[in-house]
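Notes follow the structure.
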Amino acid sequence: MWAVRRPPPRSDRHPPPPFNAPAARRLRAALGLGPDHVAHALRASYDLPYVTPALVAAWEHGSASPSHPELTALAGVLWCSPGELIGRPRTLREHRMARGLAPEDVAHTVGHELQVYLRMEETGRWRGTERQTAALTRVLGLSLADVLTVTGREERLAELLRDAVTTRWQAYVRPVSKIAPLERRVLEEVLHRLHRDYQGHMAATLSWGGGPADASDPGRDFLTHVVDHFWTAVSAEGG
Numbered sequence: 001m002w003a004v005r006r007p008p009p010r011s012d013r014h015p016p017p018p019f020n021a022p023a024a025r026r027l028r029a030a031l032g033l034g035p036d037h038v039a040h041a042l043r044a045s046y047d048l049p050y051v052t053p054a055l056v057a058a059w060e061h062g063s064a065s066p067s068h069p070e071l072t073a074l075a076g077v078l079w080c081s082p083g084e085l086i087g088r089p090r091t092l093r094e095h096r097m098a099r100g101l102a103p104e105d106v107a108h109t110v111g112h113e114l115q116v117y118l119r120m121e122e123t124g125r126w127r128g129t130e131r132q133t134a135a136l137t138r139v140l141g142l143s144l145a146d147v148l149t150v151t152g153r154e155e156r157l158a159e160l161l162r163d164a165v166t167t168r169w170q171a172y173v174r175p176v177s178k179i180a181p182l183e184r185r186v187l188e189e190v191l192h193r194l195h196r197d198y199q200g201h202m203a204a205t206l207s208w209g210g211g212p213a214d215a216s217d218p219g220r221d222f223l224t225h226v227v228d229h230f231w232t233a234v235s236a237e238g239g
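Residue 185 in UniProt numbering is what sits at position 185 of the sequence shown, and the numbering runs on without skipping anything.
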């Protein structure tokens, strides 16, 4: 009986990428393979001697996550791109992996020296010019939300949105537009909606008879996920 054995310490300093476990199960089943077949292929063809069927099963059930090298090898065994096994990418490195690109390819496309680009992946912060950012957006297929995340501007957006929904949203249309360049009409509709939704959460909680401490919970949860609410509203407005 195979057991989940702890692999040797990883040389990969990066945290594992968000793993799409259901996709891994689906792709394996479509190939008619069992976890034992996958584990054997990873050991024999990808120099991962510690991989067992139990470890493959742990990946597929979400109780463990493959490292970047393990995920790339697993994609090879399952005849798919690494991107098909990654959940929503968050970092520059994860977006590149999801596209199945080598760092040299991205560095060349955006006009950076390889070591400069790798340093950006290492720190998790993109530091390119406007032209280079446009090239990065194209080569990695980034959405506006993705661009804000990899350039480190998402937290500033969150701060502005929290202020907009808790005070006068009209005063934040222009500041938000400098970070998220959307049509003014779209921004006005979105900020108005978020402000209304937030105030509605707070009013509803108070009407249920909760005290001040109770009333703060729905509002706190809304503010914690305000960026997600923002992009959902932008999508609904066609922005």
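Every residue gets a Cβ at the ideal spot worked out from N, C-alpha and C, and that includes glycine.
Start and end of the alpha helix (DSSP H) containing LEU42?
Working through the sequence shown from its first residue, we reach residue 42 at position 42. Counting along the chain, the alpha helix (DSSP H) containing LEU42 begins and ends at 35-45.
Are three or more beta carbon pairs between the segment 119-135 and the segment 80-100 nearer than 8 Å?
yes
Taking the alpha-carbon of LEU33 as reference, which of GLY62, LEU74, SER63 has the nearest alpha-carbon?
Within the sequence shown, numbered from 1, the residue matching residue 33 stands at position 33. Ranking GLY62, LEU74, SER63 by Cα distance to LEU33 puts LEU74 first.
Cβ of ALA134 within 8 Å of Cβ of THR109?
On the sequence shown, residue 134 is found 134 positions in, with the first residue counted as 1. On the sequence shown, residue 109 is found 109 positions in, with the first residue counted as 1. No, the pair does not count as a contact, with Cβ atoms beyond the cut-off.
Give the C-beta separation of ALA23 and LEU85 to the nearest angstrom, bearing in mind that I take them to be a contact with Cβ-Cβ under 8 Å.
Along the sequence shown, one-based indexing puts residue 23 at 23. Along the sequence shown, one-based indexing puts residue 85 at 85. Their Cβ separation, rounded to whole angstroms, is 6 Å, which keeps ALA23 and LEU85 in contact under 8 Å.
Throw me the rounded Cβ distance for the ARG28 and VAL38 pair, which I believe falls under 8 Å.
Sequence index remark: in the sequence shown, residue 28 carries index 28 (1-based). Sequence index remark: in the sequence shown, residue 38 carries index 38 (1-based). About 6 Å separates the two Cβ atoms, so the contact holds.
8 Å Cβ cutoff met for PRO66 and PRO16:
For the purposes of this step, residue 66 is taken as residue 66 along the sequence shown, with counting starting at 1. For the purposes of this step, residue 16 is taken as residue 16 along the sequence shown, with counting starting at 1. Contact: yes.
What residues in its chain sit with their C-beta under 7 Å from that of GLY219, if we drop five residues either side in the sequence?
The residue labelled residue 219 in the question sits at position 219 within the sequence shown. So the qualifying residues of the chain are TYR198, HIS201, MET202.
Within 8 Å, strictly: CB atoms of ALA21 and TRP59:
Along the sequence shown, one-based indexing puts residue 21 at 21. Along the sequence shown, one-based indexing puts residue 59 at 59. Contact: yes.
I believe ARG162 touches ILE179 by the beta-carbon criterion, under 8 Å. Please report the beta-carbon distance rounded to the nearest angstrom.
Counted from its first residue, the sequence shown places residue 162 at position 162. Counted from its first residue, the sequence shown places residue 179 at position 179. The pair is not a contact, with the Cβ atoms about 13 Å apart (cut-off 8 Å).
Going by C-alpha distance, which of SER177, ALA171, ALA233, ARG185 is nearest LEU194?
Indexing the sequence shown from 1 puts residue 194 at position 194. When each option's Cα is compared against that of LEU194, the closest is ALA233.
State the start and end residues of the unbroken alpha helix (DSSP H) segment that holds VAL226.
For the purposes of this step, residue 226 is taken as residue 226 along the sequence shown, with counting starting at 1. First-last of the alpha helix (DSSP H) with VAL226: 226-236.
Run through DSSP, which three-state label would PHE222 get?
Here residue 222 is taken as the residue at index 222 of the sequence shown, counted from 1. If DSSP states are grouped into helix, strand and coil, PHE222 belongs with the helices.
For ILE86, the residue or residues it bridges with in DSSP
As a position in the sequence shown, residue 86 is number 86, starting the count at 1. Paired residues: PHE19.
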